[in-house]
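Colleague:
Chains as they are written, first to last, in the numbering used here: chain X, 1 to 197; chain R, 1001 to 1197.
1) Since I believe residue 151 (chain X) is in contact with residue 1178 (chain R) (beta carbons under 8 Å), could you give me their beta-carbon distance rounded to a whole number of angstroms?
2) Return yes when the Cβ of residue 135 (chain X) is within less than 8 Å of the Cβ of residue 77 (chain X), no when it is not.
3) With three or more beta-carbon pairs closer than 8 Å as the criterion, would you say the segment 1155-1168 of chain R touches the segment 1093-1100 of chain R?
4) Considering only the alpha carbon of each residue, which of R:1126, R:1079, R:1062, R:1110 lies closest to residue 1022 (chain R)?
5) Using only CA atoms, which one of X:74, X:165, X:102 lies nearest to residue 84 (chain X)?
6) My assumption, with CB atoms under 8 Å, is that residue 1137 (chain R) sits in contact with residue 1154 (chain R). Please give the rounded CB distance.
7) Quick one: does residue 99 (chain X) have its CB under 8 Å from some CB of chain R?
8) Kindly list, in the order they appear in chain X, the residues whose Cβ is closer than 8 Å to that of residue 1102 (chain R).
9) Out of X:40, X:42, X:43, X:48, state which residue places its alpha-carbon closest to the alpha-carbon of residue 30 (chain X).
10) Using a Cβ-Cβ cut-off of 6 Å (strictly less than) and excluding sequence neighbours within five positions of residue 1053 (chain R), which residues of its own chain qualify?
11) Could you pull out every residue in the same chain whose Cβ sits closer than 7 Å to the Cβ of residue 1087 (chain R), ignoring the five residues on either side in sequence?
12) Using a Cβ cut-off of 8 Å (strictly closer), state whether residue 1090 (chain R) contacts chain X.
13) Does any CB atom of chain R fall closer than 8 Å to the CB of residue 181 (chain X)?
14) Roughly how many angstroms separate the alpha carbons of residue 191 (chain X) and residue 1060 (chain R), rounded to a whole number?
15) Could you tell me the alpha carbon to alpha carbon distance between residue 1051 (chain R) and residue 66 (chain X), rounded to whole angstroms?
16) Does any C-beta atom of chain X lie closer than 8 Å to the C-beta of residue 1145 (chain R)?
17) Identify, in the order they occur along the chain, each residue of the same chain with its Cβ nearer than 7 Å to the Cβ of residue 1081 (chain R), setting aside the five sequence neighbours on each side.
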């Protein structure tokens, strides 16, 4: 069963009410994302994440539970895929572009890009990549109809990762300054062509 | 002046002739790429890279010179951009896709993707990203004609990063198995549309 924990509702605990708790929680998530994407799972410790986040290890346990539960929160692409794929096939390209741009601008997070950071890792295997395959690429493959759906699904995933990457790499660039609808005008038709096949 | 050292000719020394020297050299480059993309420049040491590569620090000096010279080799996108951009504008999309796929398959390296790994870094600034802006995005912006060339250049860079990312993330996937010409059939028209404007 896929655990649909997100950064917004953990199921363990209600959303923290005050800004202090929320910023501590966000600092933990940022540090955990760095740790789990850049190092093998076995080498990651709650103590190391706590030091990086500037909080106590017990605060991590309070917010997220065990190391495994924290990993599940960070590595889970399920809710992000739910959001990205929530449109009819014939309108999916534009919906994906707008969802990704809005997520970056309003939530300060990219739905998918963290999986790419894990490629800098020396490991051949990565739990994060396994989750991505299952929750993003394989799911998209089953959504698409027509020939070469696996190939097209991988290329669609690539285009989404590429849009997130270029937004992150050019925080003061033309794309970051552009209207989301204008980005969609330029970037959605290619995506839609791959989706429609 | 841009130093056009590549992984293939350093200018310091002729290409190593035997496979042993070449594999040591490649191990150093892989370790250096990891180090410079994942850690702040000041924290990277030749000793650390040597340990990661399983060689002596003196071998690094012999092959690449100083830490700064090694960084220049790893961070330089000039020769990669030369290869990617070496086609007339009206045929550039297909040329870029084929060049990227061939580089991955024949040289086991992506021309651009290392810049994305640097996003996992905690630094706000990154010399690697500065080089990417100058040697890839800004250069592409001046190549493109018509309106919104900066925006289109960033989106083209995104599509190239996305193609490299999806190939790297799915080493046993449909894209990795597909004929390069078939990938270009699907992926080049969108790129070309952004290039032509």
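Glycine included, each C-beta is placed from N, C-alpha and C at the ideal position.
Please read all numbers here as calculations on a predicted model, not as lab measurements.
Modeller: From the atom records:
1) Indeed, because the Cβ distance is near 6 Å, the residues count as touching under 8 Å.
2) One thing to note: residue 77 (chain X) has its Cβ within 8 Å of the Cβ of residue 135 (chain X).
3) Verdict: yes, contact present.
4) The candidate whose alpha carbon is nearest that of residue 1022 (chain R) is R:1062.
5) Per the Cα distances, X:102.
6) With a Cβ gap of about 6 Å, residue 1137 (chain R) and residue 1154 (chain R) count as contacting.
7) Taking Cβ atoms only, chain R never reaches closer than 8 Å to residue 99 (chain X), which makes this a no.
8) Simply none; closest approach about 17 Å.
9) Measuring from the Cα of residue 30 (chain X), the nearest candidate turns out to be X:48.
10) Answer for residue 1053 (chain R): 1027, 1028, 1031, listed in chain order.
11) Counting only Cβ-Cβ distances below 7 Å, and skipping sequence neighbours, we find 1095.
12) Residue 1090 (chain R) is outside the set of residues whose beta carbon lies under 8 Å from a beta carbon in chain X.
13) When Cβ-Cβ separations below 8 Å define contact, residue 181 (chain X) makes no contact with chain R.
14) Residue 191 (chain X) and residue 1060 (chain R) have their alpha carbons spaced roughly 44 Å apart.
15) Whole-angstrom Cα-Cα distance: 32 Å.
16) Contacts with chain X at 8 Å (Cβ-Cβ) do not include residue 1145 (chain R).
17) The beta carbon of residue 1081 (chain R) sits closer than 7 Å to the beta carbons of 1135, 1136, 1139 from its chain, once the five residues preceding and following it are set aside; these are given in chain order.
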